[in-house]
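Reading through the C-alpha cells given below for one structure.
Protein chains in written order, with the numbering used here: chain S, 1 to 84; chain L, 85 to 238.
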C-alpha cells in the first residue's frame with residue numbers, strides 16, 4: 001500500500017486530504033503513479049492534468065517524476081510551494 | 085544553532101530577536117526579516133496551509149545548510165500557519181553572528197530557501213472568494229543565486 005496526501009488546490013480538486021491505495025501494477029515511478037491516479041475520478045484528472053504545476057515529495061523529500069515509487073512510501077502531491 | 089518553529093499563534097519578533105543576544109558577549113550583529121500580510125486588492129485574510137510531517141524537517145534542513153555556510157552564533161526561523169489578517173506577521177528569520185556579512189547573507193539565504201523548499205501554501209481571501217497564490221519564478225531566481233538547484237524543478 002502507499003499513502004497519498006494532497007495539499008492546496010490538489011486536495012480541493014481531488015476532494016479528500018489523502019487516501020491509502022495499493023501500489024498499481026506496473027507503476028515504477030512517480031510519473032507512472034500520477035498517470036494512474038489521474039484515471040481514478042474526474043477530480044483526480046482535474047488535479048493532475050497540468051503536470052508542470054504539480055510537485056511531489058516521497059517520504060517528505062522533494063523528488064522528480066522519474067523517481068522510483070515503492071510499496072510502503074508516503075507520496076505527497078501539491079502545487080509549487082508559496083510560503084514565506 | 086538556528087531554531088525552527090511552525091506555529092498557529094502570532095509571532096513575537098522582538099522576543100525571538102532579543103533571545104539571540106541574551107547572556108552573550110560574542111554577538112556583533114543581528115539581522116532579521118519579518119514578512120507581513122498585505123491588504124493588496126481588498127485582501128481580507130491570508131491562510132497558510134502546510135504539510136506537517138515535512139515542514140519541520142524541511143526547515144531544519146534549511147537551517148543546517150545556513151549553519152554550514154556561515155559562522156552564525158544563533159538564529160530563529162518562525163513560520164505561522166492558519167488564518168491571519170493584514171498587518172500580522174507570516175514569517176520571521178533572524179540570524180546572529182560576530183560580523184554583519186554572515187548575518188545578512190544567512191538571513192537572505194534562509195528566506196530564499198524557505199520560499200522555494202518549505203511546504204507551505206498561501207490562499208488569499210477576498211470579498212469575491214478564496215484563491216491559491218501562484219508560485220513566482222522570481223523566487224526560484226532568488227534561490228538560484230545561492231548556487232542551488234531549485235528543489236521543485238524537474
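Where a beta carbon is used, it is the ideal one built from N, C-alpha and C, also for glycine.
Just tell me which of the options has its CA closest to the CA of residue i.
i, options, result
"residue 139(L)", "1(S), 7(S) and 20(S)", "7(S)"
"residue 202(L)", "112(L), 130(L), 224(L) and 101(L)", "224(L)"
"residue 33(S)", "53(S), 84(S), 15(S) and 2(S)", "2(S)"
"residue 105(L)", "200(L), 158(L) and 137(L)", "158(L)"
"residue 195(L)", "169(L), 168(L), 163(L) and 102(L)", "163(L)"
"residue 184(L)", "114(L), 148(L) and 145(L)", "114(L)"
"residue 78(S)", "99(L), 218(L) and 103(L)", "218(L)"
"residue 101(L)", "177(L), 156(L) and 192(L)", "177(L)"
"residue 90(L)", "136(L), 199(L), 227(L) and 193(L)", "136(L)"
"residue 126(L)", "200(L), 210(L), 222(L) and 227(L)", "210(L)"
"residue 64(S)", "15(S), 52(S) and 71(S)", "52(S)"
"residue 40(S)", "61(S), 58(S), 54(S) and 24(S)", "24(S)"
"residue 161(L)", "129(L), 111(L) and 99(L)", "99(L)"
So that I know if they touch, is there some Cβ in chain L lying closer than 9 angstroms to that of residue i?
i, result
"residue 49(S)", "no"
"residue 20(S)", "no"
"residue 43(S)", "no"
"residue 82(S)", "yes"
"residue 38(S)", "no"
"residue 16(S)", "no"
"residue 8(S)", "yes"
"residue 79(S)", "yes"
Please report the residue range of the beta strand (DSSP E) in which residue i lies.
i, result
"residue 201(L)", "Premise fails: residue 201(L) lies in the alpha helix (DSSP H), 184-201, not in any beta strand (DSSP E)."
"residue 157(L)", "156-164"
"residue 214(L)", "213-216"
"residue 97(L)", "Premise fails: residue 97(L) lies in the alpha helix (DSSP H), 97-103, not in any beta strand (DSSP E)."
"residue 93(L)", "First-last for residue 93(L): undefined, no H or E at that position."
"residue 132(L)", "129-134"
"residue 14(S)", "It is not in any beta strand (DSSP E) - residue 14(S) instead sits in the alpha helix (DSSP H) that spans 8-14."
"residue 21(S)", "18-21"
"residue 207(L)", "204-210"
"residue 74(S)", "74-78"
"residue 312(L)", "The question about residue 312(L) has no answer, for chain L in this structure spans 85 to 238."
"residue 55(S)", "55-58"
Are the C-beta atoms of residue i and some chain B residue less than 9 angstroms apart?
i, result
"residue 179(L)", "Going by chain labels, chain B is absent from the structure shown, which instead holds the protein chains S and L."
Give a yes or no on whether the minimum CB-CB distance between residue i and chain S is below 9 angstroms.
i, result
"residue 217(L)", "yes"
"residue 174(L)", "yes"
"residue 238(L)", "Residue placement at residue 238(L) is flagged as unreliable, the pLDDT there being 42, under the threshold of 50; a coordinate-derived value is accordingly withheld."
"residue 229(L)", "no"
"residue 223(L)", "yes"
"residue 207(L)", "yes"
"residue 150(L)", "no"
"residue 92(L)", "no"
"residue 142(L)", "yes"
On the DSSP letters alone, give me the boundaries of the alpha helix (DSSP H) that residue i sits inside.
i, result
"residue 173(L)", "Careful: residue 173(L) lies outside any alpha helix (DSSP H), inside the beta strand (DSSP E) at 173-181."
"residue 38(S)", "No alpha helix (DSSP H) contains residue 38(S), which DSSP labels as neither H nor E."
"residue 227(L)", "221-228"
Worksheet item: Taking a cut of 7 angstroms between CB atoms, which residues from the region 56-77 of chain S lie near chain L?
Response: The residues in question are 57, 60, 62, 64, 65 and 76.
Item to complete: Could you list the residues in the region 113-140 of chain L with a C-beta less than 8 angstroms from some C-beta on chain S, going in chain order?
Response: Within the region 113-140 of chain L, 119, 132, 133, 134, 135, 137 and 138 place their CB atoms closer than 8 angstroms to a CB of chain S, listed in sequence order.
Discussion item. Counting only Cβ-Cβ distances shorter than 8 angstroms, please list the residues of the region 180-205 of chain L near chain S, keeping chain order.
Written reply: The residues in question are 195, 198, 199, 200, 201, 202, 203, 204 and 205.
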